[in-house]
Amino acid sequence: MRRFGKAMAALAVAACTLFGGVATANADENYYGDLGSTKVGTPAVSDVGAHTANVSFDYQIDPSILPKVQSVCFAVEVMRVTSIKPIKDPQFGGFPGFSSLISCSGGTSDGDLTSGSYQSIFGTKTWPVKLGEDVQSYATGQMFSSYDTGMWNHAASGTVQMPVIGLQSNTTYGNTDGLPGFGDYTDTWWKLMAKTGNVCKLADPTGASLACSNAYDQPVDVRSLYAGMRIVLKDGSAINFGRTAKPISDFTTKAEPVAKPEEALPSKTDTKLDVANGHTEPGQTARVYVDNLKAEAKGKADANSLFWYAYIYSEPQALTSPDGAPFVRVQKEASTGKYYFDAVIPSGLPAGEHKISVQDENGTVQAWTPVTVGDAPAPVDKSKLTAAVDAAGKLAEKDYTADSWTPFAKALADAKAVAAKQDASQADVDAAVKALADAQAGLKKAETVPSKPVEPSKPDNGGNNKPSNNNKPANDKPAADDKKSESKNDEQSDLSKTGASVIGVAGMLALLVVLAAGFLVAGKARR
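Taken in order, the sequence shown gives residues -27 to -1, 1 to 500; the numbers are from mature numbering (1 follows the signal peptide of the UniProt record, and there is no 0).
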């Protein structure tokens, strides 16, 4: 599909050729015969986004004309003017039903669009509105057309789907200033001429001069939006776009999309993304493959009418198409049959791990995928941090002052958090190691208090052998059985005591014998 970006030049030249006071477009090639049932049905608009919309319509070619047809070009014409600077009060006439904008030649194909050509075709600009060679006014706004000469399959009828790109966000498109009684189509040049006359205030009220006293921008709302076809016959004549075109109902594009924050990206999506080789470079175009598209989305992609909005994280930045469009187009790769989109990675994006996500025209995240931008970063070394945390964890709070322990405990907790963080950078790790080492170096030993010597315990009875009151026998009288038991125990006790006494007396006698013998020996020795 081609985007006719030279519409303004063609409009100024072709539409302003006068034939007997009638403004026409290449009148010698126009087919003026009966069109019969040749027509375009009422167009429908769907999938309106911030910068895109899909237009569909039915068509018919009368059986009497079909054998004469050489080619058919389906087209959509867009014009939206927000201000006019009137120069002269134009004096014009003619029939406003022939389009000078749609010639189905020239322009730029979608595949050849660049960021520069995208802006020159779809961006807001100012152009002269001429009558012959005389400038009548200057119009500011958008004016372009999209056409396709390869879509017709030689059928007498069918349905056409045409994507319209280059729209501006939060903007109303449609039709104004039509001329009743002249059919469904009013030429865009005619609308601009009529509006120029409406806003011009003559410098000379008598009309002797057609110059406008207010030759500065006047705010206006002039819009054209039509869908139709241009049919070239085998004899070289053509059924002009304006004879088949139908107005497209007004619609307003959506506001500029806003990226979902990274933490709001869904954990799972039906659709999957995969960047080729999982790697891309800053300032380069990344090809992102799209898998598991739903049937409806595949149908749109096959018709080159599936438009999404792409972002790259951590801080979300909008990605543009290689042609400079603020959206990406999902399409099928001819060599593999895979669906994909191309997006330009910002040149200033830092190297490292990032994420790419896509949202539809409603702001719903369709999918996201991780991607490495630039050189793959070296793996983060946490060995020093782990060792430092282990060593610090063996220290006891009681051994240090409270004032020095508090910052150390915080540094240790922070170090543990960094050690557990999956995406911690090497700089984070190194900083945690240093902070913990500094805090540990600042620990101060707590002062130790010497313990008092232990005094020997005193006897409970103060050194005497008198029984304490606690050892006195109880006053309770024993029972009969207890008396028998006590009697036996007393007998055993008496025997034990008697034996102990006998042993004690015998020992003393033996000692005396030994001593006596000693004395006798000593006496004999002295004699």
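Glycine included, each C-beta is placed from N, C-alpha and C at the ideal position.
These figures come from a predicted structure and were not determined experimentally.
DSSP three-state assignment for residue i, whether helix, strand or coil
i: P380; result: helix
i: I94; result: helix
i: N171; result: helix
i: N444; result: Reliability fails at N444, whose pLDDT of 46 lies under 50, so the model's placement of it is uncertain and no value is given.
i: T293; result: strand
i: V402; result: helix
i: L183; result: coil
i: S19; result: strand
i: P63; result: coil
i: G156; result: coil
i: T131; result: Correcting the residue type first, residue 131 is Gly in the shown sequence and not Thr. G131: strand per DSSP, three-state reduction.
i: E254; result: coil
i: T421; result: coil
i: M166; result: helix
i: V353; result: coil
i: A393; result: helix
i: A364; result: helix
i: T337; result: coil
i: A259; result: strand
i: T113; result: strand
i: residue 550; result: No answer is possible for residue 550: it lies beyond the span of the chain, which begins at -27 and ends at 500.
i: Q191; result: strand
i: L86; result: coil
i: L385; result: helix
i: L8; result: coil
i: G105; result: coil
i: E236; result: helix
i: M(-27); result: coil
i: D463; result: In this prediction, D463 scores a pLDDT of 48, lower than 50, which makes its location untrustworthy; no coordinate-derived value is stated.
i: P178; result: coil
i: T149; result: coil
i: T242; result: coil
Pick from the options that is closest to residue i, judged by C-alpha positions
i: V338; options: L238, V172, M116, K58; result: L238
i: A26; options: Q43, S37, V49; result: V49
i: A188; options: K58, A397, G209, Y32; result: K58
i: K328; options: N335, G105, A283; result: A283
i: A419; options: C46, N3, K371, K98; result: K371
i: T145; options: A23, K103, P255, S44; result: A23
i: T421; options: A259, Y373, A181, F155; result: Y373
i: E306; options: P295, A414, A274, V21; result: A274
i: W378; options: D348, T87, G415; result: G415
i: A351; options: A369, A228, A400; result: A400
i: F280; options: P16, R203, V21; result: V21
i: T15; options: I221, S182, K394; result: I221
i: K417; options: A405, D403, F381, A404; result: F381
i: G114; options: G80, S130, I94, V133; result: I94
i: G96; options: P36, G139, L322; result: G139
i: V172; options: Q257, K98, Q109; result: Q109
i: N277; options: K164, S82, L198, L104; result: S82
Residue i versus residue j: straight-line alpha-carbon distance, rounded
i: M116; j: A291; result: 26 Å
i: E235; j: G325; result: 16 Å
i: P136; j: V391; result: 50 Å
i: G(-7); j: V18; result: Low local confidence applies: a pLDDT of 28 at G(-7) is under 50, so the model's placement there is unreliable, and no value is given.
i: V301; j: Y158; result: 32 Å
i: K407; j: D363; result: 15 Å
i: T342; j: L246; result: 6 Å
i: N3; j: E334; result: 40 Å
i: A361; j: K389; result: 10 Å
i: L152; j: N126; result: 34 Å
i: L39; j: R196; result: 33 Å
i: M(-27); j: V402; result: 54 Å
i: Y91; j: Y111; result: 22 Å
i: S210; j: Y5; result: 9 Å
i: N250; j: F47; result: 39 Å
i: A340; j: G123; result: 33 Å
Strand pairing of residue i, partner residues [DSSP]
i: residue 560; result: In this structure the chain extends from -27 to 500, so residue 560 is not present and cannot be described.
i: W281; result: V301
i: K219; result: A200
i: Y373; result: K418
i: P136; result: N27
i: D121; result: F47
i: I57; result: A112, Q191
CB-CB length for residue i against residue j, believed under 8 Å
i: T225; j: G201; result: T225 to G201, Cβ: 23 Å. No contact.
i: V231; j: F314; result: Their Cβ separation, rounded to whole angstroms, is 20 Å, which puts V231 and F314 out of contact at 8 Å.
i: L409; j: A375; result: About 19 Å; that fails the 8 Å criterion.
i: S56; j: D190; result: 4 Å
i: V263; j: V303; result: 6 Å
i: Q43; j: K12; result: The pair is not a contact, with the Cβ atoms about 19 Å apart (cut-off 8 Å).
i: D296; j: T87; result: 6 Å
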